[in-house]
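J.: So the protein sequences, as listed, match chains A and B.
Our numbering puts the first sequence at residues 8 to 237.
Our numbering puts the second sequence at residues 8 to 237.
Beta carbons: idealized from backbone N, C-alpha and C, even for Gly.
Please read all numbers here as calculations on a predicted model, not as lab measurements.
Number of protein chains: 2
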Amino acid sequence: MPTLYHHPMSAASRFIRLVLSEYGFQVDFVEEQTWEMRREFLAINPAGTIPVYIDDNMRALCGATVISEFLDEVHGILKRDRRLLAEDPFHRAEIRRLTEWFLQKLEQDVTRPLVRELVHKVHMPPSLGGGAPDSKVLRTARGNVRQHMKYLSWLAGSRQWLAGDRLSYADLSAGAAVSILDYMGEIDWADLPAAKEWYQRLKSRPSFRPLLTERVRGLTPVSHYADLDF
Amino acid sequence: MPTLYHHPMSAASRFIRLVLSEYGFQVDFVEEQTWEMRREFLAINPAGTIPVYIDDNMRALCGATVISEFLDEVHGILKRDRRLLAEDPFHRAEIRRLTEWFLQKLEQDVTRPLVRELVHKVHMPPSLGGGAPDSKVLRTARGNVRQHMKYLSWLAGSRQWLAGDRLSYADLSAGAAVSILDYMGEIDWADLPAAKEWYQRLKSRPSFRPLLTERVRGLTPVSHYADLDF
Numbered sequence: 008m009p010t011l012y013h014h015p016m017s018a019a020s021r022f023i024r025l026v027l028s029e030y031g032f033q034v035d036f037v038e039e040q041t042w043e044m045r046r047e048f049l050a051i052n053p054a055g056t057i058p059v060y061i062d063d064n065m066r067a068l069c070g071a072t073v074i075s076e077f078l079d080e081v082h083g084i085l086k087r088d089r090r091l092l093a094e095d096p097f098h099r100a101e102i103r104r105l106t107e108w109f110l111q112k113l114e115q116d117v118t119r120p121l122v123r124e125l126v127h128k129v130h131m132p133p134s135l136g137g138g139a140p141d142s143k144v145l146r147t148a149r150g151n152v153r154q155h156m157k158y159l160s161w162l163a164g165s166r167q168w169l170a171g172d173r174l175s176y177a178d179l180s181a182g183a184a185v186s187i188l189d190y191m192g193e194i195d196w197a198d199l200p201a202a203k204e205w206y207q208r209l210k211s212r213p214s215f216r217p218l219l220t221e222r223v224r225g226l227t228p229v230s231h232y233a234d235l236d237f
Numbered sequence: 008m009p010t011l012y013h014h015p016m017s018a019a020s021r022f023i024r025l026v027l028s029e030y031g032f033q034v035d036f037v038e039e040q041t042w043e044m045r046r047e048f049l050a051i052n053p054a055g056t057i058p059v060y061i062d063d064n065m066r067a068l069c070g071a072t073v074i075s076e077f078l079d080e081v082h083g084i085l086k087r088d089r090r091l092l093a094e095d096p097f098h099r100a101e102i103r104r105l106t107e108w109f110l111q112k113l114e115q116d117v118t119r120p121l122v123r124e125l126v127h128k129v130h131m132p133p134s135l136g137g138g139a140p141d142s143k144v145l146r147t148a149r150g151n152v153r154q155h156m157k158y159l160s161w162l163a164g165s166r167q168w169l170a171g172d173r174l175s176y177a178d179l180s181a182g183a184a185v186s187i188l189d190y191m192g193e194i195d196w197a198d199l200p201a202a203k204e205w206y207q208r209l210k211s212r213p214s215f216r217p218l219l220t221e222r223v224r225g226l227t228p229v230s231h232y233a234d235l236d237f
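1) Under the three-state reduction of DSSP, which class applies to Leu-25(B): helix, strand or coil?
2) Taking one C-beta from the region 43 to 54 of chain B and one from the region 225 to 236 of chain A each time, how about it: are there three or more such pairs within less than 8 Å?
3) Mind listing the chain A neighbours of Ala-100(B)? Cutoff is C-beta to C-beta under 7 Å, in chain order.
4) Arg-103(A) versus chain B: which residues are under 7 Å apart at the beta carbon?
5) Starting from Tyr-158(B), find everything on chain A with Cβ-Cβ shorter than 9 Å and list it in chain order.
6) Determine the extent of the alpha helix (DSSP H) in which Tyr-30(B) is found, giving its start and end residues.
7) Looking at the structure shown, is Asp-35(B) part of a helix, part of a strand, or coil, going by DSSP?
8) Helix, strand or coil for His-130(A) per DSSP?
9) Which residue wins for smallest C-alpha separation from Glu-107(A), given the options Tyr-176(A), Asp-35(A), Pro-9(A)?
10) Please confirm if Glu-80(A) has its CB atom under 8 Å from at least one CB of chain B.
11) List, in chain order, every chain B residue whose beta-carbon is nearer than 7 Å to that of Trp-108(A).
12) Where Leu-179(B) and Leu-199(A) are concerned, what is the direct C-alpha to C-alpha distance, given to the nearest angstrom?
13) Can you tell me the Cβ-Cβ gap for Tyr-60(B) and Leu-68(B), rounded? I've got them flagged as a contact below 8 Å.
14) Could you tell me whether the region 18 to 29 of chain B touches the region 76 to 84 of chain A, using the rule of 3 or more Cβ pairs below 8 Å?
15) Alpha carbon to alpha carbon, how far is Leu-235(A) from Leu-159(A)?
16) Is the Cβ of Pro-96(B) closer than 8 Å to any Cβ of chain A?
17) Inspect the CB distances between the region 78 to 95 of chain B and the region 144 to 155 of chain B and report whether three or more fall short of 8 Å.
18) What residues in its chain sit with their C-beta under 8 Å from that of Val-34(A), if we drop five residues either side in the sequence?
19) Does Lys-112(A) have its Cβ less than 8 Å from a Cβ in chain B?
20) Report the rounded CA-to-CA distance for Ile-102(A) versus Thr-147(B), giving the unit in angstroms.
21) Would you report the Cα separation of Glu-39(A) and Asp-88(A), rounded to the nearest angstrom?
22) Whole-angstrom Cβ separation of Leu-209(A) and Gly-192(A), contact assumed at under 8 Å?
23) Where DSSP assigns a beta bridge to Leu-11(A), which residues make up the other side?
24) CB Ile-187(A) to CB Thr-118(A), shorter than 8 Å?
25) Pull up the distance between the alpha-carbon of Leu-113(B) and that of Arg-173(A), whole angstroms please.
26) Which residues bound the alpha helix (DSSP H) around Leu-235(A)?
27) Any idea if Lys-128(A) is buried or exposed, counting beta-carbon neighbours within 10 angstroms, 16 or more meaning buried?
28) Comparing alpha-carbon positions, which option in Thr-41(B), Leu-92(B), Pro-213(B), Ala-202(B) lies nearest Ser-165(B)?
29) Starting from the Cα of Pro-54(A), find the closest Cα among Pro-120(B), Ala-233(B), Leu-105(B), Tyr-206(B) and give me that residue.
30) Reducing DSSP to helix, strand and coil, say where Val-223(B) ends up.
31) With a CB to CB cut of under 6 Å and the five nearest residues on each side skipped, what residues in its chain are close to Pro-120(A)?
32) The beta strand (DSSP E) that contains Gly-67(B), what's its start and end?
33) DSSP three-state call for Gly-171(A): helix, strand or coil?
34) Output yes or no for whether 8 Å exceeds the beta carbon distance between Phe-22(A) and Ala-71(A).
35) Determine the burial state of Asp-195(A): buried for a count of at least 16 other Cβ atoms within 10 Å of its Cβ, exposed for fewer.
What follows is the structure, given as C-alpha cells:
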C-alpha cells in the first residue's frame, strides 16, 4: 500500500489526504515532525517538507503540488465528473491559482505561523526554537486571518464551489487550511455566512470525516470543530 | 500581443521569460515593483506576486507554476522533443519537484532575501522597510548559497540536464535563479565544475541572451556575468 508522510496540522498534508479519500485510495500514514529534520526523511525529500507520497514501487513524490498533479494525470483523468481538476486550461489555471493561494499565501500569512507558535513550539527543544508562543507573531497572523476569510467569503458567495460549478482541488486545499484554523478556534464564523455555508457542505463529505475525528496531542479543538451544523 | 508583468530580479519572472523564449513566443513586458502593492496590479493578481501573464483575450494567469502548466497544456504538448515537461508522469513529477525547489526553496533561503536587501531596499521608502541592507540577513542567505550550489552541482554531475536527458522546466527555473545570484556576484564557481559546465551550456542558448544583456538600475553585474566562457 502507498505511504503518506504527513502531519495532522499541515494544510498541504490534509489537502492530499482529502484528494486521496475523494478518489477512494487507501494509504498508510506516517506522522512526520518536519522540524526534527530526520536524516532518513531528508534522504527521501531533501526539501524536508510534507506531504511525501511513496507509491507501491517505493518511488517518492514530494510536495502537495507534485502529488496532486501526478494524481490528476494518472487517476483524475479517468474520473469524469468526479475529476478534481477541470478539463479547460483556463479553468485549470484558476483552480491552481486558488490551490496555491491556500497552500502558500494563506499558509505563509496565517496557517504556518499559528501552527508553529501554538502546536510545534510546545514540543520543540529550545535549541530549535521551542518555547512559549510569540505574541507579536500571533497578533500579526490573527490580523491576517480576517483578511483571508473575507476573500474566502467573497469567493464562496460568488460561486457554487470555489473554482466554479464542481468540487475541485480549490475546495480541498481551502478546506484543508480552514479546518486547521477552525480546530484552533481562530475563525469567527459570525460574519461569514457564505464561507460558512460552503464549509458546512464540504465538511459533510465522507472524505472530511477522518480529519474531524482526529485530535492533536496537547491541543483540544473548539467545541464546534466536528459539528456539521455549527 | 500577450503581456508579462515581471521584474528583472525575480527568478519566477525570468523562468517564464525563458520558457516563452524557448517556445518562440513574443510578449510585451511591464516591470512591476511588487513592494509598491499597486491597486491596479492587485486587481489583476490579489496575491500581488509576479509573474502575471495576460493573454490576447485579457485573461490573467498568475504565478510561475500556473503559467508554466498552462503553457505546457496549450503549447508544450505540441512541441514534441522540444517540450519542456516530460511525457511520463514520474518524470514530470521530478521536473516539478526541482522547479519548486528553485522557485520556492532556493527563493526563500537565498534569492528573495538577497534581492530584497541588495536591490529593492535601495528604492523602497523607509515606511515600507527601505534602507541599508541587514548584514545578518545577508550572512544567513550567503551561507545558504553554498549549500544550494552544492546540491545543484551534485545534480549537474549526475545528469545531462537537471531532470534527465533533455532540457526542461527544471533547467530554466534553476538557470533563472542562478543568473540572478550570479549577476549579484554571489556565486563562487571555483569549486563547482559540474554546475559551471551545466550553466555554460544553458547560458549559451539564445533564450538566455536578453537576460544577460539586461542591467538593473543602481546595480552593476559581476564582470563575468555575460561571458559564456567564465
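T.: Based on what the coordinates show:
1) helix
2) no
3) Leu-68, Val-73, Phe-77
4) Thr-72, Val-73, Glu-76
5) Pro-53
6) Per DSSP, Tyr-30(B) belongs to no alpha helix (DSSP H) and is neither H nor E.
7) strand
8) helix
9) Tyr-176(A)
10) yes
11) Ala-54
12) 43 Å
13) 4 Å
14) no
15) 19 Å
16) yes
17) no
18) Met-8, Pro-9, Thr-10, Leu-11, Leu-27, Tyr-60
19) yes
20) 35 Å
21) 34 Å
22) Their Cβ separation, rounded to whole angstroms, is 19 Å, which puts Leu-209(A) and Gly-192(A) out of contact at 8 Å.
23) Phe-36(A), Tyr-60(A)
24) yes
25) 35 Å
26) That residue, Leu-235(A), is in no alpha helix (DSSP H); it is neither H nor E in DSSP.
27) buried
28) Ala-202(B)
29) Rather than Pro, the amino acid found at residue 54(A) in this sequence is Ala. Closest option to Ala-54(A), Cα to Cα, is Leu-105(B).
30) strand
31) Val-144, Ala-148
32) Note that residue 67(B) corresponds to Ala in the displayed sequence, not to Gly. Ala-67(B) -> beta strand (DSSP E) spans 67 to 69.
33) strand
34) yes
35) exposed
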